[in-house]
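Q:
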Amino acid sequence: MRAEAARELTRLMAADPAFCFLRLGDGELAFLLRAQKDLADDGPALKASCEIAHDGPGIHPRHAPRLLEAYERCSYLDFYERVPFNAEYLGELEFHRPPGLYRNSGPETSQILFTWTLQEFGPFLRGRRSLFAGAEGALLRELWSEAAYRELAHAFWPREATVFFHQVRANGRHLSDHLDAIKADLVAEIRRERIDTLFLCLGGAAKIIGRELSEELGIRTVDFGSMMRALAYCGSSGGGPWRASHTPFCVRVPFELHLRALERAQPALTTVELLARAHAQLCLELQRMEPGVSYASDAIDPSSYDPSAENLERFREGLLVYLERYRPRARGNPEAEALVAEFAYWCDKKGLGGRGRLYQAMLQIWRRARLLLSINS
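For the sequence shown, my numbering gives the first residue as -3, with consecutive numbering after it.
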């Protein structure tokens, strides 16, 4: 059923040059419900860390009316009913979408973008002029310039496709402050490169800008969610030096290749930011992976941690590069050294390496001792 739904989405997109596909993710639904009830945002305090995983709409409540209008007027809306939060709270959202517009048929065909990217994306690009815009735009451009990456990801990037990449202002940070400037930047590039399809990865701003540009410029726009992150095999989240809340799996990019491209894409990254992203990549290597599926980070759901033989081999390969090229950069920088120590502790807790195995053994002894004390007391 999902494959058929993905093919139908391709047919609809191909037939309408001004088609707009949006997703009502759980983050956007929660954002709109808070705005509807005039509640304050309760988001976590964010910092560079391998223990924090977060994604969100990234926009101020003042943009809620534009976001709601985007959902009401887009060509196709995926209601994301497979996500438990949406299944429970979707009925509380007050909005008015004309019944004649397209939508997913139900929970079984929600989150269709994952299936569509895996099965339809590559063929769809052939003969089109596509622009990929987001906080991972420069990273994906640098990866795409590498023959090794194109070989790994050949199923997603056909030679017949003409693709462009755009890094949004401020690397995707402070979206509300830059929203209309980002839109103006995209208009200029779309006109300059004669773009017919825009793939936009920018949280809640992607919905607003995508719907408006589809109508104003008569182009296809796709709310591409976390799929640029998936195509870049990126464990960190957009413009932030923390881990992504989830990463769909499309292609596995070696740690060394990813970090090399990242340093070219964002040469202004501080040592702390670079190390945080390196740690996120190493953590990603030990996350459960299934093509076309997105699992939550183990920082959110510990069951996503998967030390399989293949994952451990990839982790060790990346760790050798990290130890040689990246960890030494922390010397003399207290904040960076603290970040390195935090990652080492994460490895210990997972039982990785000799120190990690010793840590786990000592933890078991301590737990047994506490149990015996509680029994005898």
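No residue lacks a Cβ here, since even glycine has one placed at the ideal position from N, Cα and C.
Compute the beta-carbon to beta-carbon distance between HIS242 and TYR291, rounded to the nearest angstrom, for a pair I have assumed lies under 8 Å.
A: 6 Å
Q: Check whether the stretch 186 to 195 and the stretch 210 to 220 touch, using three or more Cβ-Cβ pairs below 8 Å as the test.
A: yes
Q: For THR266, is the classification buried or exposed, using 16 other Cβ atoms within 10 angstroms of its Cβ as the cut-off for buried?
A: exposed
Q: Between which two residues does the beta strand (DSSP E) carrying SER126 extend?
A: 125 to 130
Q: On the three-state DSSP scale, how would you describe GLY236?
A: In the structure shown, the three-state DSSP call for GLY236 is strand.
Q: Check this for me: beta carbons of ILE178 and ILE205, under 8 Å apart or not?
A: It is a contact, given that the beta carbons lie within the stated cut-off.
Q: Measuring straight from C-alpha to C-alpha, what distance separates PRO154 and TYR341?
A: 42 Å
Q: With distances taken Cα to Cα, identify the nearest neighbour of THR113 among GLU252, PRO244 and CYS279.
A: PRO244
Q: Should ALA357 go down as buried or exposed, given a rule of 16 or more other Cβ atoms within 10 Å for buried?
A: Unreliable positioning characterises ALA357 in this predicted model, as indicated by a pLDDT of 49, which lies under 50. A coordinate reading is not provided.
Q: Below 8 Å, can you find three or more Cβ-Cβ pairs linking the stretch 250 to 266 to the stretch 131 to 139?
A: By the criterion of at least three beta-carbon pairs nearer than 8 Å, the stretch 250 to 266 is in contact with the stretch 131 to 139.
Q: How would you call ARG323, buried or exposed, if buried means at least 16 neighbouring beta carbons within 10 angstroms?
A: buried
Q: Determine the closest residue to ARG30 out of ARG239, LEU5 and LEU89, with distance taken between C-alpha atoms.
A: LEU89
Q: On a Cα-Cα basis, can you pick out the residue from LEU209, GLU309, LEU271 and GLY288 that is closest to LEU282?
A: GLU309
Q: Report yes if the CB atom of ALA272 is closer than 8 Å to the CB atom of SER299, and no otherwise.
A: no
Q: Hey, quick one: how far does the alpha helix (DSSP H) through THR217 stretch, first residue to last?
A: No alpha helix (DSSP H) contains THR217, which is instead part of the beta strand (DSSP E) from 216 to 219.
Q: On the CB-based measure, 16 or more other CB atoms within 10 Å of its CB, does ALA2 come out buried or exposed?
A: buried
Q: Should MET223 be labelled buried (16 or more other beta-carbon atoms within 10 Å of its own) or exposed?
A: buried
Q: With a threshold of 6 Å on Cβ separation, who are the neighbours of ALA276 within its own chain once the five nearest residues in sequence on each side are excluded?
A: GLY231, SER232 and ARG239
Q: My parser needs the alpha helix (DSSP H) runs of 4 or more residues fully inside the stretch 250 to 301; what are they?
A: 251 to 261 and 267 to 280
Q: Consult DSSP for HIS50 and reduce its assignment to one of helix, strand or coil.
A: coil
Q: Output the residue ranges of the alpha helix (DSSP H) runs that lie fully inside the stretch 146 to 215 and measure 4 residues or longer, sorted by chain position.
A: Annotation note: the stretch 146 to 215 contains the following uninterrupted alpha helix (DSSP H) runs of length 4 or greater, listed N- to C-terminal: 171 to 189 and 199 to 213.
Q: By the DSSP assignment, the alpha helix (DSSP H) with PRO61 in it spans what residues?
A: 60 to 69
Q: Tell me LEU348's beta-bridge partners as DSSP assigns them.
A: Beta-bridge pairing links LEU348 to no other residue.
Q: On the DSSP bridge list, what partners appear for HIS92?
A: Beta-bridge pairing links HIS92 to no other residue.
Q: Can you give the Cα-Cα distance for LEU8 and ILE108, rounded to whole angstroms?
A: 14 Å
Q: Starting from PHE17, follow the beta strand (DSSP E) in both directions and report where the run begins and ends.
A: 16 to 19
Q: Using C-beta distances below 6 Å, list every residue in its chain close to LEU198, excluding the 5 sequence neighbours before and after it, in chain order.
A: GLY130
Q: Does the beta-carbon of ALA337 have 16 or more other beta-carbons within 10 angstroms, so that it is buried, or is it exposed?
A: exposed
Q: Return the Cβ separation of MET(-3) and THR158 in integer angstroms, given the expectation that the two are a contact with Cβ distance under 8 Å.
A: Not confirmed; about 33 Å, so no contact.
Q: If you count every other CB in all the chains shown that lies within 10 Å of the CB of GLY123, and 16 or more means buried, which is it?
A: exposed
Q: Is it buried or exposed for PHE91, if we count other Cβ within 10 angstroms and need 16 for buried?
A: For PHE91, the number of other beta carbons within 10 angstroms of its own is below 16, and it is reported as exposed.
Q: Taking just the CA atoms, how far does ALA11 sit from ALA274?
A: 42 Å
Q: How should TYR85 be labelled, buried or exposed, when 16 other C-beta atoms within 10 angstroms of its C-beta is the threshold for buried?
A: exposed
Q: Looking at LEU209 and THR217, is the spacing between their C-beta atoms short of 8 Å?
A: yes
Q: Relative to the C-alpha of ASP173, which candidate in THR6, LEU253, GLN163 and ARG58 has its C-alpha closest?
A: Ranking THR6, LEU253, GLN163 and ARG58 by Cα distance to ASP173 puts ARG58 first.
Q: Assess contact between the stretch 46 to 64 and the stretch 20 to 34, defined as three or more Cβ pairs (one per stretch) separated by less than 8 Å. Is contact present?
A: yes
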